[in-house]
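**Student:**
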Amino acid sequence: MEHARLTVTLQLGHGTLARLAATLNNHHVLGLAYTTASPGPATAVVHVPRPDAPRAQQKLRRLVDVIDVSLELGSAGTAETPGPPSPAIGAAPPAHGPTDALSDGAASRADVVTLSPGP
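Position 27 of the sequence shown, counted from 1, bears residue number 49 in this note's numbering, the numbering being contiguous throughout.
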């Protein structure tokens with residue numbers, strides 16, 4: 023299936039992921055990866071069918087949290103635009119909470135959430 027990859031840069035805030043999901047609710051989402059790193063913006067990578075891409079991009083740009091949305095067209099499994107991310111079978115879920123300590127003792131947080139449709 024031909025798909026498009028939308029890379030969304032977001033200002034991290036309370037409810038950002040929920041607003042992102044609600045905005046994409048009416049689109050056939052093939053894959054969604056959401057990454058946060060503190061301090062700094064969050065990044066979401068959304069895979070949708072090509073015909074849905076322009077509309078999804080327009081809707082995402084209207085979100086108050088969105089800084090930028092880039093669109094890359096491709097087909098599943100091409101080198102330029104890989105297919106939707108899929109977690110390894112049996113892999114441990116991502117760690118939640120502080121993942122590393124800086125030299126000054128302050129902790130940073132880097133969580134990754136990946137959602138993919140079932141078989």
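Positions of the beta carbon are idealized from the N, C-alpha and C atoms, including for glycine.
Please read these numbers as outputs of a predicted model, since none were measured by experiment.
1. If you run the structure through DSSP and keep just helix, strand and coil, what is residue 83?
2. On the three-state DSSP scale, how would you describe residue 32?
3. Taking the DSSP output, what are the residues bridged to residue 69?
4. In terms of alpha-carbon separation, which member of 86, 37, 66 and 71 lies closest to residue 92?
5. Could you tell me the distance, in whole angstroms, from the CA atom of residue 73 to the CA atom of residue 90?
6. Taking the alpha-carbon positions, what's the residue 61 to residue 80 distance?
7. The alpha helix (DSSP H) that contains residue 39, what's its start and end?
8. Return yes when the Cβ of residue 41 is within less than 8 Å of the Cβ of residue 95, no when it is not.
9. Alpha carbon to alpha carbon, what distance is there between residue 55 and residue 107?
10. Compare the C-alpha of residue 51 against each of 83, 31 and 26 and name the closest.
11. Starting from residue 96, follow its DSSP beta bridges and name the residues at the other end.
**Tutor:** Taking the definition as stated:
1. In this structure, DSSP gives residue 83 a helical state, which the three-state scheme calls helix.
2. strand
3. 27 and 53
4. 66
5. 20 Å
6. 27 Å
7. Unbroken alpha helix (DSSP H) run through residue 39: 38-45.
8. No, the Cβ-Cβ distance between residue 95 and residue 41 is not below 8 Å.
9. Residue placement at residue 107 is flagged as unreliable, the pLDDT there being 47, under the threshold of 50; the coordinate-derived value follows with that caveat. Cα to Cα, residue 107 sits roughly 7 Å from residue 55.
10. 26
11. 25
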